[in-house]
Structures are given as structure tokens and as C-alpha cells.
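Numbering (UniProt numbering), first residue to last: 1 to 81. Cβ atoms here follow ideal geometry from the backbone N, Cα and C, with glycine treated the same way. Worksheet: the structure to be examined is printed underneath.
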């Protein structure tokens, strides 16, 4: 997904390549939604209204396969095996 592009969904989002734009999941109150990508290079990720910009993302997962989930009111970044 190219830089500057945006994808949004009421559920989870799967990007089978690098995520370089914005991914907004869980629109409408779905806190169980997740974002999956083969390379986390996003400008912004959001789930159920909670978001993180590129500067706020865990550098440990940048440019690697990752998933983003919502835990309470905090986005968590996990490796995608």
C-alpha cells in the first residue's frame, strides 16, 4: 500500500505487502479488529478510534511483519510469525 493511501474497514485489515499509508480498522466500535501487514511502515494505524502515528510506533516492529491490536485504550504492536 503506497504512502498517502488510506484503507478503512469495520473489521480487520490485511495488507499482503508493505503498509506505507494509513490503515483504520474497527470503524463503528469493533475493538477486536486487528491490522496485519508484511512490513509495518505506516504513516498512521488506528483501531476503534485509537491511533498511533509513525513516530509513536514501536521501532522493534518497523519494516517487519507485524500485527496491531487494541488492548484497552492502547495499540499494541506484535510480531507476525
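**Request:** Tell me, please, whether the region 53 to 63 touches the region 23 to 34 by the rule of three or more beta-carbon pairs shorter than 8 Å.
**Result:** no
**Prompt:** Apart from the five residues on each side of it in sequence, which residues of its chain come closer than 8 Å, Cβ to Cβ, to residue 5?
**Reply:** 20, 21 and 22
**Message:** Taking its Cβ as the centre, do 16 or more other Cβ atoms sit within 10 Å of residue 26, making it buried, or is it exposed?
**Reply:** buried
**Request:** Please look up how many angstroms separate the CB atoms of residue 34 and residue 18, rounded, as I've assumed it's under 8 Å.
**Result:** About 17 Å separates the two Cβ atoms, so there is no contact after all.
**Item:** Per DSSP, the bridge partner or partners of residue 6
**Value:** 22
**Item:** For residue 52: DSSP bridge partner residues
**Value:** 45
**Local conformation of residue 31 per DSSP, three classes** = coil
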